[in-house]
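S.K.: Can you read through this structure? Questions will come right after.
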Amino acid sequence: MKNRTILLCLICIAVSSVSAFGITGEEILKKVDRNMQPQSYEMYKKLINVEPDGKKKEFTLYMAKKGNNKIIALFIAPESEKGRATLRLGDNMWLHIPNVGKPVRITSLQSVVGGVFNNSDIMQLDFSFEYKVDKMTEGKTEYTLHLKAKNTSVAYDRLEMTVDKKDMIPIKIECYTATKMLIKTLYYKEKKDFGDGVVRPSVMETDSPLHKGYKSIMIFARVKKRDFSDEVFTLNYLPRVGDLR
Amino acid sequence: MRRISGLAFLFVCVVSFACMSAHAQEDYDLDFDIPEVEKKPFEYGFNVEFKPSALFLNRDSTAYRLRYATDGKSSLTTQYNLRLQVDGSYRTGNGNIVFKTNSDIDNRFSDWSQGNYLYEGYYSWTPTPMFSLDVGKKVVKWGKGYAWNPVAFIDRPKDPDDPELSLEGYSLISADYIKSFSSSLQTTALTFVILPVTGDFNPDFAARGYVNYAGKLYLLWNDTDIDFMFLSGKSQPNRLGMDFSKNLKPNLEIHGEWARTASDIATHIDSAGNRTDYERAPNSTLLGIRYLDKNDITYIAEYYRNGFGFSHNEMRDFFDYAKKSLDSGNNADINSAKRLSEILYGGRNAMRRYLYFKMSWKEPFEILYFNPGIAAIYNVDDRSYSMTPEFIYSPKTNLTLRLRISMLRGAYGSEYGEKITGNKIEFSWKKFF
Numbered sequence: 084m085k086n087r088t089i090l091l092c093l094i095c096i097a098v099s100s101v102s103a104f105g106i107t108g109e110e111i112l113k114k115v116d117r118n119m120q121p122q123s124y125e126m127y128k129k130l131i132n133v134e135p136d137g138k139k140k141e142f143t144l145y146m147a148k149k150g151n152n153k154i155i156a157l158f159i160a161p162e163s164e165k166g167r168a169t170l171r172l173g174d175n176m177w178l179h180i181p182n183v184g185k186p187v188r189i190t191s192l193q194s195v196v197g198g199v200f201n202n203s204d205i206m207q208l209d210f211s212f213e214y215k216v217d218k219m220t221e222g223k224t225e226y227t228l229h230l231k232a233k234n235t236s237v238a239y240d241r242l243e244m245t246v247d248k249k250d251m252i253p254i255k256i257e258c259y260t261a262t263k264m265l266i267k268t269l270y271y272k273e274k275k276d277f278g279d280g281v282v283r284p285s286v287m288e289t290d291s292p293l294h295k296g297y298k299s300i301m302i303f304a305r306v307k308k309r310d311f312s313d314e315v316f317t318l319n320y321l322p323r324v325g326d327l328r
Numbered sequence: 012m013r014r015i016s017g018l019a020f021l022f023v024c025v026v027s028f029a030c031m032s033a034h035a036q037e038d039y040d041l042d043f044d045i046p047e048v049e050k051k052p053f054e055y056g057f058n059v060e061f062k063p064s065a066l067f068l069n070r071d072s073t074a075y076r077l078r079y080a081t082d083g084k085s086s087l088t089t090q091y092n093l094r095l096q097v098d099g100s101y102r103t104g105n106g107n108i109v110f111k112t113n114s115d116i117d118n119r120f121s122d123w124s125q126g127n128y129l130y131e132g133y134y135s136w137t138p139t140p141m142f143s144l145d146v147g148k149k150v151v152k153w154g155k156g157y158a159w160n161p162v163a164f165i166d167r168p169k170d171p172d173d174p175e176l177s178l179e180g181y182s183l184i185s186a187d188y189i190k191s192f193s194s195s196l197q198t199t200a201l202t203f204v205i206l207p208v209t210g211d212f213n214p215d216f217a218a219r220g221y222v223n224y225a226g227k228l229y230l231l232w233n234d235t236d237i238d239f240m241f242l243s244g245k246s247q248p249n250r251l252g253m254d255f256s257k258n259l260k261p262n263l264e265i266h267g268e269w270a271r272t273a274s275d276i277a278t279h280i281d282s283a284g285n286r287t288d289y290e291r292a293p294n295s296t297l298l299g300i301r302y303l304d305k306n307d308i309t310y311i312a313e314y315y316r317n318g319f320g321f322s323h324n325e326m327r328d329f330f331d332y333a334k335k336s337l338d339s340g341n342n343a344d345i346n347s348a349k350r351l352s353e354i355l356y357g358g359r360n361a362m363r364r365y366l367y368f369k370m371s372w373k374e375p376f377e378i379l380y381f382n383p384g385i386a387a388i389y390n391v392d393d394r395s396y397s398m399t400p401e402f403i404y405s406p407k408t409n410l411t412l413r414l415r416i417s418m419l420r421g422a423y424g425s426e427y428g429e430k431i432t433g434n435k436i437e438f439s440w441k442k443f444f
């Protein structure tokens with residue numbers, strides 16, 4: 084009897100993460116990753132912080148990514164931030180500020196630009212590298228993936244990701260702490276064909292109950308597949324990232 | 012009158028700091044054009060900084076008495092600094108010409124001065140991400156410490172009171188080779204530097220007429236940054252060092268540095284003014300942590316043992332000698348003490364053991380782009396200290412305002428107790444173009 088109950092539970096768990104079409108949550112997450120970010124690519128991002136009274140501040144970054152755990156970002160505007168560069172190698176993250184010594188280790192929880200976005204939002208690795216699927220539910224037009232962080236180095240312990248069934252791209256992601264407190268919500272908008280098979284949202288908006296009235300927007304431009312050598316993603320190369328552009 | 016004008020000036024600074032925050036409202040408009048992505052071969056930018064400050068002088072200090080032994084001075088004085096920095100680059104194929112200039116106009120203790128410096132100016136050749144060659148004047152930046160870097164053998168020393176200030180580089184030839192791996196050893200990088208000290212090249216590095224060599228091996232091993240470095244040549248004694256940095260937890264980082272100098276001539280002045288020179292092989296060490304708490308407050312704490320520093324007794328002997336010279340009124344003795352203070356005893360990090368602590372709070376109470384903080388340097392040997400609360404605000408793009416209040420405290424014969432400045436209020440307006 085006891086064995087039967089355990090077997091029934093296992094079947095229920097397995098069924099909850101497999102859709103009617105037989106696709107598992109992990110497979111959906113991997114498809115989302117590939118649609119959102121090619122394995123090796125470059126792109127430009129504009130971050131806009133909007134305050135409750137409408138004031139805004141903008142930052143422009145150049146980014147390069149390779150594999151599922153190497154990413155580098157360089158601020159190219161405004162002038163006061165120009166030359167700042169961040170490198171992420173898996174759980175390791177460094178910040179290089181041109182005037183200040185060698186790159187210093189930072190955490191994904193910090194924000195290098197202020198506002199609602201933190202380093203983890205800007206230096207986003209593949210979701211499947213950082214999260215495992217705990218549970219999946221299926222609606223008429225969307226899947227909802229309940230994700231749990233694989234380790235404590237990520238900024239959000241749990242994600243609730245709503246994925247568009249047709250395009251396999253996220254529509255909304257709710258970010259929670261380990262105590263299930265909502266930290267922020269990311270909204271993906273304006274689907275765009277960037278060429279070379281890259282079709283993904285070109286705008287991400289963020290709001291947070293912790294920063295009521297504040298909003299941050301991320302605009303993606305020139306997303307392009309490109310191969311980089313591994314040596315680009317090293318501390319010694321960090322001050323030279325601008326050479327890649 | 013001078014005191015009133017100084018206070019009026021400070022009032023203007025504080026009012027302008029507050030007014031700057033009431034910046035114009037801009038309409039929000041989602042702009043899909045990103046003109047900055049168009050890279051031009053020649054790029055440049057510049058920033059202007061105006062930094063007025065009010066100094067409340069410590070009239071009982073030895074430094075004050077040595078400076079104004081024959082000419083009394085008010086206890087309040089103002090200083091002004093206007094700084095222009097221009098930086099840019101010109102790209103041609105795999106080559107890149109990089110420059111950074113610094114121009115200052117200063118008014119200190121009622122004396123005007125100005126200077127123009129080329130902080131950096133070098134040609135960088137990067138045929139592949141694995142290899143680069145730099146020729147020219149460049150800041151090398153070695154070490155993991157925030158306030159001090161004992162392993163920064165070929166850098167000018169940082170000011171621990173303001174560690175993020177731009178520094179001038181040295182003229183050198185530097186080659187970098189990087190190799191990445193898919194194992195617990197993720198990266199290795201080898202840096203080799205040739206630093207000549209001849210003629211117009213690096214006259215302030217050390218003894219002229221020699222070519223010096225330095226090298227560094229960097230390893231990223233098991234998520235730990237590790238560097239081994241050396242300096243060899245006849246301009247300075249040979250040096251060896253290492254540093255490391257590692258995240259123990261996602262929000263807790265630990266770092267350290269160790270440097271050994273093969274030989275150094277130390278000088279001791281006793282209370283009677285007798286000079287003794289002796290040879291030693293100093294070791295300098297630094298150990299520090301960085302911690303980020305859930306309120307977005309970053310803490311930096313560092314312990315620094317300066318192998319070149321004076322002990323408490325050695326420092327006290329000097330102050331006794333200076334005091335005796337001042338009390339005697341003998342100009343020759345006073346000038347001798349003044350000179351020793353300038354070149355040996357009055358410099359930064361003159362003593363042996365220090366603690367550094369900094370706490371900075373990112374955007375408290377939902378005030379965007381506002382970062383208050385406090386930094387303190389504690390001299391473990393004589394228990395004197397400096398404490399500096401600071402407020403940084405960036406109300407508009409490319410504009411940074413900073414207000415710092417420094418307080419120096421210590422007993423007779425202590426490092427910070429004998430500095431010329433007791434308290435200092437400094438305002439900075441910095442605009443980037």
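Line by line, the protein sequences give chains G and X.
So the number in the numbering used here is just where the residue sits in the first sequence, counting from 1, plus 83.
So the number in the numbering used here is just where the residue sits in the second sequence, counting from 1, plus 11.
Glycine is no exception: its CB is placed at the ideal position from the N, C-alpha and C atoms.
(1) DSSP beta-bridge partners for Arg102 of chain X?
(2) Since Ile280 of chain X and Leu351 of chain X are thought to touch, with beta carbons under 8 Å apart, how far apart are those beta carbons, to the nearest angstrom?
(3) Nearest chain X C-beta to Thr317 of chain G closer than 9 Å, yes or no?
(4) Secondary structure at Ala35 of chain X, three-state DSSP: helix, strand or coil?
(5) DSSP three-state label for Ala277 of chain X, please.
(6) The stretch 263–280 of chain G: which residues have C-beta closer than 8 Å to a C-beta of chain X, in chain order?
(7) Taking all protein chains shown into account, do 16 or more other C-beta atoms lie within 10 angstroms of the C-beta of Met326 of chain X, making it buried, or fewer, making it exposed?
(8) Assuming Thr260 of chain G is part of the alpha helix (DSSP H), what are its boundary residues?
(9) List, from N- to C-terminal side, the alpha helix (DSSP H) runs of 4 residues or more that fit wholly inside the stretch 194–248 of chain G.
(10) Rank X:Asp392, X:Phe67, X:Gly147, X:Leu196 by C-alpha distance to the C-alpha of Gly180 of chain X and give the top, closest one.
(11) Is the CB-CB distance between Phe212 of chain G and Asn152 of chain G below 9 Å?
(12) Using 9 Å as the limit for Cβ to Cβ distance, is Glu37 of chain X near chain G?
(13) Taking Gln193 of chain G as the query, report the chain X residues whose CB atoms sit under 7 Å from its CB, ordered along the chain.
(14) When you compare the stretch 221–231 of chain X with the stretch 190–208 of chain X, are there three or more beta-carbon pairs, one atom per stretch, that lie closer than 8 Å?
(15) Please determine, among G:Ala168, G:Leu130, G:Thr107, the residue with the shortest C-alpha to C-alpha distance to Ser299 of chain G.
(16) Cα-Cα, which of X:Tyr157, X:Asn105, X:Ser86 is closest to Thr432 of chain X?
(17) Determine which residues of the stretch 48–59 of chain X have a Cβ less than 7 Å from any Cβ of chain G, and write them out in chain order.
(18) Taking 9 Å as the CB-CB cut-off, is Leu172 of chain G touching chain X?
(19) Use the C-beta contact count for Glu288 of chain G: other C-beta atoms within 10 angstroms, 16 or more gives buried, fewer gives exposed.
(20) Could you list which residues in chain X have their beta carbon closer than 8 Å to that of Lys185 of chain G, in chain order?
(21) Does the beta-carbon distance from Thr137 of chain X to Asp326 of chain G come in below 9 Å?
(22) When DSSP labels each residue in this structure, what does His266 of chain X get in the three-state scheme?
(23) Using only the alpha-carbon positions, how far apart do Val59 of chain X and Leu230 of chain G sit?
(24) Counting only the same chain and skipping the five closest in sequence on each side, list residues whose C-beta sits under 8 Å from that of Val246 of chain G.
(25) Under the rule that 16 or more other beta-carbon atoms within 10 Å means buried, what is Phe53 of chain X, buried or exposed?
(26) Tell whether a beta-carbon distance below 9 Å holds between Leu297 of chain X and Tyr310 of chain X.
(27) Using a Cβ cut-off of 7 Å, pull out every chain G residue sitting near Glu437 of chain X, in sequence order please.
(28) Please check if any C-beta of chain G sits within less than 9 Å of the C-beta of Glu175 of chain X.
(29) Give every residue of the same chain whose Cβ lies closer than 7 Å to the Cβ of Arg291 of chain X, excluding the five residues on either side of it in the sequence, and list them in chain order.
(30) Would you kindly work out how many angstroms separate the C-alpha atoms of Asn285 of chain X and Arg94 of chain X, rounded to a whole number?
(31) Looking only at C-alpha atoms, which of X:Ile308, X:Asn390, X:Leu201, X:Trp159 sits nearest to Phe321 of chain X?
(32) Under 9 Å between the Cβ atoms of Ala238 of chain G and Asn201 of chain G?
(33) Within the 9 Å Cβ cut-off, does Gly325 of chain G reach chain X?
(34) If I measure Cβ to Cβ from Gly244 of chain X and keep anything under 7 Å in the same chain, skipping five residues before and after, which residues do I get?
(35) Measure how close the beta-carbons of Pro174 of chain X and Tyr188 of chain X come, nearest whole angstrom, since I'm counting them as under 8 Å.
(36) Check whether the stretch 298–308 of chain X touches the stretch 338–356 of chain X, counting contact only when three or more Cβ pairs, one atom from each stretch, lie closer than 8 Å.
M.R.: Short version:
(1) X:Asn107
(2) 6 Å
(3) yes
(4) With a pLDDT of only 38 at Ala35 of chain X, under the threshold of 50, the placement of this residue in the model should not be trusted; the figure read from the coordinates follows. If DSSP states are grouped into helix, strand and coil, Ala35 of chain X belongs with coil.
(5) strand
(6) none
(7) buried
(8) Run containing Thr260 of chain G: none; DSSP gives neither H nor E here.
(9) 202–205, 210–213
(10) X:Gly147
(11) yes
(12) Low confidence applies to Glu37 of chain X: its pLDDT is 40, below 50, so where it sits in the model is not reliable enough to give any reading.
(13) Leu303
(14) yes
(15) G:Leu130
(16) X:Ser86
(17) Val48, Lys50, Gly56
(18) yes
(19) buried
(20) Lys152, Trp153, Gly154, Lys155
(21) yes
(22) strand
(23) 48 Å
(24) Ile111, Val115, Glu225, Tyr226, Thr227, Leu228, Ile252, Pro253, Ile254
(25) exposed
(26) no
(27) In chain order: nothing, as chain G lies at least about 18 Å away.
(28) yes
(29) Asp275, Ala277
(30) 42 Å
(31) X:Asn390
(32) yes
(33) yes
(34) Tyr221, Val222, Asn223, Tyr224
(35) No, Pro174 of chain X and Tyr188 of chain X are not in contact; Cβ-Cβ is about 29 Å, not under 8 Å.
(36) no
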